[in-house]
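Here the protein sequences come in this chain order: A and B.
Note that my numbering gives residue 211 to position 211 of the first sequence, counting from 1, and the numbers run on in steps of one.
Heads up: take any position in the second sequence, counting from 1, add 1000, and you land on my numbering.
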Amino acid sequence: MSSNKPKLAIVYGSVCGGCDVSLVNVGEPLADLLTNYDVIYWSIALDGKLHTLEKLERIDVAIYMGPIRTELNMKLAKLIREKADLVVAYGTCAVYGGIPGLGALIKPSTLVETMKSTVTTTPGSEKVVKSMEKEGLKIPPLTNQCLPLSVVVEPDVLVPGCPPAVENVEKLIDILKKYLRGEKPVKGLMLAEPRSLCEECPRRPKDMSKLVIPNIYRLHEAVPKEDKCFLEQGILCLGPITRAGCGHRCIKANMPCAGCMGPVQRVDDVGLKFLSSLASALLADKEKELGEEGLAKLLDKIVDPQGLFYRYTLPTSYLTKLVLKRLRK
Amino acid sequence: MSRRTITIEPVTRIEGEVKVAIFLNERGEVERAYYQVVEFRGYEEFCKNRPVEDLPRITSTVCGVCSWAHHLASAKAVDALYGRKPTETAAKLREFGYQAHIIDSHLLHFVVLSLPDFALSDAPPELRNIAGLLRRNPELVKKFIESRKILRNIEETFGGKAIHPAFVLPGGVSKKLTRDDVDKLSKLCKDLLDITTYIYEYFIDRILKSKNFNELLYNEAYRLRTYYIGLVDNNNYLNFYDGFVRIIDSKGREVTKFEADKYTDYIAEHAEDWSYSKFPYLKSLGWRGFVEEYICRAGPLARLNVADDISTERAREAYKYMVETLGGKPIHNTIAYHWSRLIECIHASEKMIEFLNDDSILREDIVNTSGSPRYEGVGIVEAPRGLLVHHYQADENFIAREVNIITPTAINNAAINAELQKVASTLIKGFEVPEKILNLVETSIRAYDPCNACATHTLSLLSSRGGITVLIYDNEGRLIEKLHSKPPRLR
Ligand code: SF4
Ligand code: SF4
Ligand code: SF4
């Protein structure tokens, strides 16, 4: 389509598709966008092919979804940063790594174990592919790490959420409308609240600092009540260290927050922060009875700290940075 | 002329990253065509060592267009693992919410991904999409947009988030349904049935009768005589949430019918080094390559082939009409997958209204907390795209030790490849291949609504100094293939 409308490309990393659906779900505002922009690439909805994208010299806006897991994902990430004026990291995967980012720190030793186990897979029988065919059959190799877009290039706008909540997608569309009039957002704009989810949670206890946590229960050990703060029930909820802006949707469904909006501002390590506040809430009133040993025992009930604290943010966590630094030495 | 390779990269209007490679010989004839999944995710590995009760929320992100299917298959595996049969109320609430998701996924696929091929077959590629539909058929697109809001609303009522819901607990669900919810849902579900009926009728009046749809529907290249696999309830009726797995052969004879936890007796997986997705096959037949007779298909058409009937009125009528029109079951015409999807949308809408008339959904017993753990569990549901299996093993602390997921898109992987070969060889003659022809090749793939985020959740990763190695093992744990890649330079 030869048009002088600004060009928009929606490009994927290793997506799950949820981000796409969340964009489609906004309805009319999206239809607006489709008429005001010349959407040149969005493979779930349009027929633009890779070579069209590669040929273009300039793209006005590029939206990236999913984490970077293969070299093709990486190539596209760099390509859009090179060509696009405004790059949007859309969804938690693009902003923090997301759930696929849990693969960020898989150790060889763990995998040796895997080797002796798993799946229903049986040996291949069609391995003899002619050499000429091999050439055309290359699949993009995996990258060494599973990375969010935000680590590889610098996005202009970040929209966290797995997938982003409709309110925030509408905000993004507003920004893209303003862009049509020549207004560009401040660099690194994060479409989420700086405060924590607890601050907008209807279950928030009157005084969070006096919170008492009776014990720690897993979800098969306690049936969550529908009107009480999860932490007060002993069910781990990531509200205190998670950014608000999702409309506390999981809380409404009577499930604790898993942290998909990413960490609140100015916290280096969410896990450490959470643990320290948890410890004091657990000790409240009964420091003497429990003692250090008792506390340690209680904290042992956090069976998967990595999956709990960094479920959506592992590749960008302090922990991972440390490990990677050591590996690179 | 020398040989040539044609690549379609990426295949568009499908979910996930896929490439097609077609090899032509010296005479410009198709030698071999490949459908390659080039996306990688790696879920089975990093789901290990997680508390099993967290897996429904983690594995839902295997796929965002069928997140509910993963959420519920996972929930069922977790129920079985803890030995907690969900209460009747909980099972109903899960099934109720899930109907909305089936419609969500099907309508999105039909309107945005597929319809442009049929309603806009004459349009240039840059208009062969939802924006083009909006110009040509604004009424239909308006209905579709309306349906997005309704579906989102229904899904949020149950799962908090419409995509990647937070809804299930071991043995039940997290939230009761209230009278207010039911009042709200009544209106939404009624409107939804109107929309699904409208879109179905649009399909029957405008698409089914169109020349280009008919040409594809009855085209021999777009027809595979395969086995079919799908869930059926106690009466052998269509069911998305629960029941027995039934397999029929290409003549429609029942080959077997089994319960979820027996699946390893019937299904095995084959791996190829040119795709990140595996190829499940029927164990009794063995892996025979991309040969029609030995392939098994899943998904909407497979479900309607394996089921004896549909329980709700309007959908039953629509079903009868399709079967009669196409000359009886099993239906092998791949393009009828689209038709099946719309019939299922009507069934799911009717089913939701049935649930609303059942007061027991308001009961408060939404979780069963008793039962003796088995530390292993299999959960099977019909995802929008077909049979989906989650299988977990846990230690005494309920920490996942083994995770196996078989997705419908993987089940259809062999069929998609076999059909691609057939369609490409029929349509491509010579080295000049117009875009229109390539789109017809893609149309065959789209019929399956493949979801490649799903298909590639698997395989193991080993990061070593030189890069990443993908290891593929056989069922005895023997290493059979090792793919190696060099790492890119990190900033
Ligand atoms: S952020 Fe969530 S919804 Fe978006 S691609 Fe990642 S996993 Fe899917
Ligand atoms: S901890 Fe969770 S339930 Fe409690 S106030 Fe914060 S967000 Fe709400
Ligand atoms: S409550 Fe937590 S997990 Fe749920 S949507 Fe909000 S930030 Fe994400």
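Quick reminder that beta carbons are idealized off the backbone N, C-alpha and C, glycines included.
As the structure is a computational prediction, the values presented were derived from the model and not from experiment.
Output the boundary residues of the alpha helix (DSSP H) element that contains residue i.
i, result
"GLU28 (chain A)", "28-36"
"PRO263 (chain A)", "Per DSSP, PRO263 (chain A) belongs to no alpha helix (DSSP H) and is neither H nor E."
"THR1007 (chain B)", "Taken as a continuous stretch (DSSP letters only), THR1007 (chain B) belongs to no alpha helix (DSSP H), being part of the beta strand (DSSP E) at 1004-1008."
"PRO1300 (chain B)", "1300-1306"
"ALA1131 (chain B)", "1130-1136"
"LEU278 (chain A)", "270-283"
Please report whether the beta-carbon of residue i lies at a distance below 7 Å from any beta-carbon of chain A.
i, result
"LEU1342 (chain B)", "no"
"VAL1065 (chain B)", "yes"
"ILE1295 (chain B)", "no"
"PHE1144 (chain B)", "no"
"HIS1109 (chain B)", "no"
"VAL1423 (chain B)", "no"
"PRO1056 (chain B)", "no"
"PRO1300 (chain B)", "no"
"THR1012 (chain B)", "yes"
"HIS1457 (chain B)", "Bear in mind that the predicted position of HIS1457 (chain B) carries a pLDDT of just 47, short of 50, making it unreliable; the figure below should be weighed with that in mind. Chain A contact via Cβ: absent."
"LYS1149 (chain B)", "yes"
"THR1061 (chain B)", "yes"
Taking the continuous beta strand (DSSP E) assigned at residue i, which residues delimit it?
i, result
"LEU23 (chain A)", "Note, LEU23 (chain A): premise wrong, no beta strand (DSSP E); alpha helix (DSSP H) at 18-24."
"GLN1421 (chain B)", "Counting along the chain, GLN1421 (chain B) falls outside any beta strand (DSSP E), though it belongs to the alpha helix (DSSP H) covering 1413-1427."
"ALA1394 (chain B)", "1386-1394"
"ILE1322 (chain B)", "What sits at residue 1322 (chain B) in the sequence shown is Met, not Ile. Segment 1313-1325 is the alpha helix (DSSP H) holding MET1322 (chain B); no beta strand (DSSP E) there."
"THR70 (chain A)", "68-70"
"GLU1376 (chain B)", "1376-1383"
"ARG1341 (chain B)", "That residue, ARG1341 (chain B), is in no beta strand (DSSP E); its alpha helix (DSSP H) goes 1336-1356."
"GLU1406 (chain B)", "The sequence given here has Ile at residue 1406 (chain B), not Glu. Where ILE1406 (chain B) is concerned, the enclosing beta strand (DSSP E) stretches over 1400-1406."
"ILE1310 (chain B)", "Segment: none, ILE1310 (chain B) is in no beta strand (DSSP E) and carries neither H nor E."
"VAL15 (chain A)", "Where VAL15 (chain A) is concerned, there is no enclosing beta strand (DSSP E), given that its DSSP letter is neither H nor E."
"TYR64 (chain A)", "59-65"
"PRO1116 (chain B)", "No beta strand (DSSP E) holds PRO1116 (chain B); the alpha helix (DSSP H) holding it covers 1115-1119."
Using 7 Å as the threshold, is the C-beta distance between residue i and residue j below it?
i, j, result
"ILE241 (chain A)", "LYS273 (chain A)", "yes"
"ILE1163 (chain B)", "VAL88 (chain A)", "no"
"ARG298 (chain A)", "LEU308 (chain A)", "Note on identity: in this sequence residue 298 (chain A) is Leu, with Arg being the wrong assignment. No."
"TYR1082 (chain B)", "PRO1373 (chain B)", "yes"
"LEU1227 (chain B)", "ASP1249 (chain B)", "It is worth fixing the name first, because residue 1227 (chain B) is Tyr in this sequence and not Leu. Yes, the pair counts as a contact, with Cβ atoms nearer than the cut-off."
"ARG243 (chain A)", "GLY262 (chain A)", "yes"
"VAL159 (chain A)", "LEU191 (chain A)", "yes"
"ALA1318 (chain B)", "ILE1346 (chain B)", "yes"
"ALA1415 (chain B)", "LEU1224 (chain B)", "yes"
"ALA1410 (chain B)", "LYS1278 (chain B)", "yes"
"CYS1451 (chain B)", "GLU1009 (chain B)", "no"
"CYS146 (chain A)", "GLY91 (chain A)", "no"
"ASN1397 (chain B)", "TYR1035 (chain B)", "no"
"PRO315 (chain A)", "GLY66 (chain A)", "no"
"ASP60 (chain A)", "LYS7 (chain A)", "yes"
"ARG1027 (chain B)", "LEU1113 (chain B)", "no"
"ILE1428 (chain B)", "VAL1030 (chain B)", "yes"
"ILE1145 (chain B)", "ALA1100 (chain B)", "no"
"ALA45 (chain A)", "ILE1130 (chain B)", "yes"
"SER14 (chain A)", "PRO100 (chain A)", "yes"
"LEU1301 (chain B)", "SER1340 (chain B)", "yes"
"SER269 (chain A)", "ARG1128 (chain B)", "Checking the sequence shown, residue 269 (chain A) turns out to be Asp, not Ser. Cβ distance not < 7 Å, so ASP269 (chain A) and ARG1128 (chain B) don't count as in contact."
"LEU1387 (chain B)", "ILE1247 (chain B)", "no"
Say whether chain B places a C-beta atom closer than 7 Å to the C-beta of residue i.
i, result
"MET255 (chain A)", "yes"
"THR120 (chain A)", "Because THR120 (chain A) sits at a pLDDT of 46, beneath the cut-off of 50, its placement in the model cannot be relied upon, and the point is left open."
"LEU34 (chain A)", "yes"
"ASN25 (chain A)", "yes"
"CYS198 (chain A)", "no"
"VAL223 (chain A)", "yes"
"PRO163 (chain A)", "yes"
Check: Got a list of residues with beta-carbon closer than 5 Å to any non-hydrogen atom of ligand 2, in chain order?
Finding: Residues with a Cβ closer than 5 Å to any heavy atom of ligand 2, in chain order: A:LEU197, A:CYS198, A:CYS201, A:ARG203, A:ARG204, A:CYS229, A:PHE230, A:LEU231, A:CYS237, A:GLY239.
Next item on the list: For the stretch 1013-1086 of chain B, list the alpha helix (DSSP H) runs that are entirely contained and at least 4 residues long, ordered along the chain.
Entry: 1043-1046, 1055-1059, 1067-1082
Next item on the list: Mind listing, in chain order, the continuous beta strand (DSSP E) runs of no fewer than 3 residues lying wholly within the stretch 1185-1268 of chain B?
Entry: 1227-1232, 1244-1248, 1254-1258
Margin query: Taking 5 Å as the limit, name every residue whose beta carbon sits nearer than that to some heavy atom of ligand 1, in sequence order.
Written below: A:VAL15, A:CYS16, A:GLY18, A:CYS19, A:GLY66, A:GLY91, A:THR92, A:CYS93, A:GLY98, A:CYS162, A:PRO163, B:THR1061, B:GLY1064
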